[in-house]
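Reading through the C-alpha coordinates given below for one structure.
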Amino acid sequence: MNYKKNNQMTHNIRTIILLPFMIMVISGCSGNKDKSSTSAIPVDGKMSHGSTVNEISIHEAALNGQLNLVIELTAKIKSIDTTDTEGRTALMYAAYNGYYDIVKFLVDRGASVNLQDNSGRTALMMASSGPFPVVVKFLLEHQANPNLVDKEEHYTALMYASAEGQTEVVKTLLAYGADPFLKDVDGDDALSFAKKNGHHDVAKILASLKK
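Just so we're on the same page, the numbering used here is the position in the sequence shown counted from 1, plus 4.
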(Lines of atoms letter the chains of each structure in order from A and count residues from 1; the text may use other names and numbers.)
(Lines give C-alpha, C1' and ligand atoms only; values in the text may rest on other atoms or scores of the structure.)
Protein backbone atom coordinates (compact mmCIF):
# COMPACT_ATOMS: atom_id res chain seq x y z
CA MET A 1 0.00 0.00 0.00
CA ASN A 2 1.38 3.40 -0.99
CA TYR A 3 0.78 6.05 1.65
CA LYS A 4 1.36 9.03 -0.65
CA LYS A 5 -1.28 11.04 -2.45
CA ASN A 6 -0.46 13.65 -5.08
CA ASN A 7 3.22 13.27 -4.19
CA GLN A 8 2.50 13.96 -0.51
CA MET A 9 3.06 11.56 2.35
CA THR A 10 -0.21 11.17 4.20
CA HIS A 11 0.10 12.69 7.64
CA ASN A 12 -1.91 10.09 9.52
CA ILE A 13 0.54 7.22 9.15
CA ARG A 14 -0.31 5.94 12.63
CA THR A 15 -3.84 5.20 11.48
CA ILE A 16 -2.69 3.73 8.18
CA ILE A 17 0.04 1.49 9.62
CA LEU A 18 -2.19 -1.45 10.43
CA LEU A 19 -5.16 -1.21 8.06
CA PRO A 20 -7.63 -2.67 7.17
CA PHE A 21 -9.03 -4.08 10.43
CA MET A 22 -9.92 -0.99 12.50
CA ILE A 23 -11.25 -0.89 16.05
CA MET A 24 -11.05 1.80 18.67
CA VAL A 25 -8.51 1.32 21.43
CA ILE A 26 -10.14 0.92 24.81
CA SER A 27 -9.20 3.90 27.00
CA GLY A 28 -8.30 3.90 30.67
CA CYS A 29 -6.09 0.82 30.64
CA SER A 30 -3.73 -0.27 33.40
CA GLY A 31 -0.49 -0.21 31.41
CA ASN A 32 1.91 2.72 31.74
CA LYS A 33 2.78 4.68 28.63
CA ASP A 34 5.87 6.83 28.38
CA LYS A 35 3.47 9.46 26.98
CA SER A 36 -0.30 9.37 26.75
CA SER A 37 -1.88 8.43 23.45
CA THR A 38 -5.31 7.65 22.11
CA SER A 39 -5.46 6.19 18.63
CA ALA A 40 -7.45 3.87 16.44
CA ILE A 41 -5.67 0.64 15.70
CA PRO A 42 -6.85 -2.46 13.92
CA VAL A 43 -6.90 -5.94 15.34
CA ASP A 44 -7.48 -9.07 13.34
CA GLY A 45 -9.49 -11.35 15.61
CA LYS A 46 -8.54 -14.49 13.67
CA MET A 47 -5.39 -16.28 14.77
CA SER A 48 -2.82 -18.20 12.78
CA HIS A 49 -2.99 -22.01 12.60
CA GLY A 50 -2.61 -23.71 15.96
CA SER A 51 -3.27 -20.63 18.06
CA THR A 52 -5.67 -20.74 21.01
CA VAL A 53 -8.16 -18.43 22.65
CA ASN A 54 -5.52 -17.52 25.24
CA GLU A 55 -3.22 -16.36 22.46
CA ILE A 56 -5.93 -14.11 21.08
CA SER A 57 -6.28 -12.63 24.54
CA ILE A 58 -2.61 -11.77 24.95
CA HIS A 59 -2.69 -9.66 21.78
CA GLU A 60 -5.80 -7.85 22.99
CA ALA A 61 -4.33 -7.43 26.47
CA ALA A 62 -1.13 -5.96 25.05
CA LEU A 63 -3.09 -3.66 22.76
CA ASN A 64 -5.18 -2.37 25.63
CA GLY A 65 -2.35 -1.93 28.13
CA GLN A 66 -3.47 -4.66 30.53
CA LEU A 67 -0.13 -5.60 32.07
CA ASN A 68 -1.49 -7.96 34.74
CA LEU A 69 -3.46 -9.89 32.13
CA VAL A 70 -0.43 -10.08 29.85
CA ILE A 71 1.60 -11.51 32.74
CA GLU A 72 -1.11 -14.07 33.49
CA LEU A 73 -1.52 -15.14 29.87
CA THR A 74 2.22 -15.45 29.23
CA ALA A 75 2.23 -18.58 31.37
CA LYS A 76 -0.51 -20.15 29.23
CA ILE A 77 0.63 -19.53 25.65
CA LYS A 78 2.93 -21.73 23.59
CA SER A 79 5.23 -18.91 22.50
CA ILE A 80 5.65 -15.31 23.59
CA ASP A 81 6.12 -14.52 19.89
CA THR A 82 2.82 -16.05 18.81
CA THR A 83 1.35 -14.09 15.90
CA ASP A 84 -2.11 -13.29 14.63
CA THR A 85 -3.03 -13.73 10.98
CA GLU A 86 -1.43 -10.35 10.17
CA GLY A 87 1.83 -11.64 11.61
CA ARG A 88 1.73 -9.34 14.62
CA THR A 89 2.98 -10.20 18.08
CA ALA A 90 1.89 -8.92 21.47
CA LEU A 91 5.10 -6.88 21.55
CA MET A 92 4.09 -5.07 18.36
CA TYR A 93 0.70 -4.12 19.77
CA ALA A 94 2.20 -2.89 23.05
CA ALA A 95 4.89 -0.91 21.22
CA TYR A 96 2.33 0.73 18.93
CA ASN A 97 0.55 2.28 21.89
CA GLY A 98 3.68 3.02 23.90
CA TYR A 99 3.04 0.67 26.82
CA TYR A 100 6.56 0.61 28.24
CA ASP A 101 5.83 -1.77 31.13
CA ILE A 102 4.36 -4.36 28.78
CA VAL A 103 7.12 -3.92 26.21
CA LYS A 104 9.74 -4.39 28.93
CA PHE A 105 7.97 -7.42 30.39
CA LEU A 106 7.72 -9.14 27.01
CA VAL A 107 11.30 -8.38 25.96
CA ASP A 108 12.67 -9.45 29.33
CA ARG A 109 10.93 -12.77 28.77
CA GLY A 110 12.44 -13.30 25.37
CA ALA A 111 10.13 -11.60 22.88
CA SER A 112 11.93 -11.10 19.56
CA VAL A 113 12.36 -7.40 18.85
CA ASN A 114 13.12 -7.73 15.13
CA LEU A 115 10.22 -9.88 14.01
CA GLN A 116 8.32 -8.39 11.08
CA ASP A 117 4.60 -8.70 10.45
CA ASN A 118 3.13 -9.66 7.10
CA SER A 119 3.78 -6.14 5.82
CA GLY A 120 7.35 -6.16 7.11
CA ARG A 121 6.73 -3.79 10.01
CA THR A 122 8.53 -4.23 13.32
CA ALA A 123 7.73 -3.26 16.89
CA LEU A 124 10.28 -0.46 16.52
CA MET A 125 8.52 0.95 13.45
CA MET A 126 5.22 0.90 15.29
CA ALA A 127 6.60 2.62 18.39
CA SER A 128 8.48 5.16 16.26
CA SER A 129 5.29 6.45 14.68
CA GLY A 130 4.07 7.67 18.07
CA PRO A 131 5.40 9.91 20.86
CA PHE A 132 7.21 7.09 22.62
CA PRO A 133 10.97 7.81 22.77
CA VAL A 134 11.39 5.77 25.97
CA VAL A 135 9.91 2.68 24.32
CA VAL A 136 11.97 3.30 21.19
CA LYS A 137 15.16 3.63 23.22
CA PHE A 138 14.40 0.46 25.16
CA LEU A 139 13.88 -1.53 21.96
CA LEU A 140 17.09 -0.15 20.46
CA GLU A 141 19.01 -1.01 23.62
CA HIS A 142 17.75 -4.56 23.17
CA GLN A 143 19.10 -4.93 19.65
CA ALA A 144 16.17 -3.65 17.59
CA ASN A 145 17.47 -2.91 14.09
CA PRO A 146 16.59 0.68 13.14
CA ASN A 147 17.35 0.11 9.46
CA LEU A 148 14.95 -2.70 8.64
CA VAL A 149 12.45 -1.75 5.93
CA ASP A 150 8.86 -2.79 5.40
CA LYS A 151 7.97 -4.93 2.42
CA GLU A 152 5.93 -2.78 0.06
CA GLU A 153 7.33 0.74 0.37
CA HIS A 154 10.67 0.15 2.11
CA TYR A 155 9.78 2.56 4.91
CA THR A 156 12.13 2.62 7.91
CA ALA A 157 11.42 3.43 11.55
CA LEU A 158 13.04 6.83 10.95
CA MET A 159 10.67 7.53 8.06
CA TYR A 160 7.66 6.71 10.23
CA ALA A 161 8.94 9.01 12.98
CA SER A 162 9.78 11.80 10.53
CA ALA A 163 6.39 11.63 8.80
CA GLU A 164 4.69 12.01 12.19
CA GLY A 165 6.99 14.78 13.44
CA GLN A 166 8.24 12.76 16.41
CA THR A 167 11.32 14.88 17.14
CA GLU A 168 12.56 13.04 20.23
CA VAL A 169 12.05 9.69 18.56
CA VAL A 170 14.02 10.89 15.53
CA LYS A 171 16.89 11.97 17.79
CA THR A 172 16.83 8.63 19.58
CA LEU A 173 16.85 6.62 16.35
CA LEU A 174 19.75 8.64 14.96
CA ALA A 175 21.71 8.17 18.19
CA TYR A 176 21.36 4.40 17.79
CA GLY A 177 22.46 4.21 14.18
CA ALA A 178 19.38 4.86 12.06
CA ASP A 179 20.50 5.68 8.52
CA PRO A 180 18.87 8.97 7.44
CA PHE A 181 19.88 8.46 3.83
CA LEU A 182 17.97 5.26 3.14
CA LYS A 183 15.27 5.74 0.51
CA ASP A 184 11.89 4.16 -0.05
CA VAL A 185 10.71 2.70 -3.35
CA ASP A 186 9.90 6.19 -4.64
CA GLY A 187 13.33 7.58 -3.80
CA ASP A 188 12.21 9.56 -0.73
CA ASP A 189 14.29 9.64 2.45
CA ALA A 190 13.35 10.60 6.00
CA LEU A 191 14.01 14.29 5.27
CA SER A 192 11.47 14.16 2.45
CA PHE A 193 8.89 12.71 4.83
CA ALA A 194 9.49 15.50 7.35
CA LYS A 195 9.39 18.29 4.77
CA LYS A 196 6.28 17.09 2.98
CA ASN A 197 4.39 16.84 6.26
CA GLY A 198 5.52 20.25 7.51
CA HIS A 199 7.63 19.02 10.43
CA HIS A 200 10.25 21.75 10.38
CA ASP A 201 12.09 20.79 13.57
CA VAL A 202 12.62 17.25 12.32
CA ALA A 203 13.57 18.50 8.86
CA LYS A 204 16.18 20.81 10.38
CA ILE A 205 17.78 17.93 12.27
CA LEU A 206 17.88 15.68 9.22
CA ALA A 207 19.07 18.43 6.87
CA SER A 208 22.08 19.04 9.11
CA LEU A 209 23.37 15.50 8.56
CA LYS A 210 25.92 14.72 5.90
CA LYS A 211 26.86 11.45 4.24
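Note that CB positions come from ideal geometry on N, CA and C, so glycine has one too.
Are the CB atoms of residue j and residue i within a distance shorter than 9 Å?
i: Tyr104; j: Ala66; result: no
i: Leu162; j: Ser123; result: no
i: Val189; j: His158; result: yes
i: Pro137; j: Lys175; result: yes
i: Glu90; j: Asp121; result: yes
Run the CB neighbour count on residue i, radius 10 Å, all protein chains shown included, and call it buried at 16 or more, exposed below.
i: Gln70; result: buried
i: Val117; result: buried
i: Ala182; result: buried
i: His203; result: buried
i: Gly169; result: buried
i: Lys208; result: exposed
i: Leu144; result: buried
i: Ser196; result: buried
Please report how far the alpha carbon of residue i lies from the alpha carbon of residue j, in whole angstroms.
i: Ser61; j: Ile75; result: 11 Å
i: Asn72; j: Arg113; result: 15 Å
i: Ala165; j: Thr86; result: 26 Å
i: Leu128; j: Ala99; result: 7 Å
i: Pro135; j: Asn101; result: 9 Å
i: Phe185; j: Ala211; result: 10 Å
i: Asn201; j: Pro150; result: 21 Å
Between which two residues does the alpha helix (DSSP H) containing residue i stretch?
i: Pro137; result: Pro137 to Glu145
i: Ser171; result: Reading the sequence as shown, one finds Thr at residue 171 and not Ser. Start and end: Thr171 to Ala179.
i: Ala98; result: Ala94 to Tyr100
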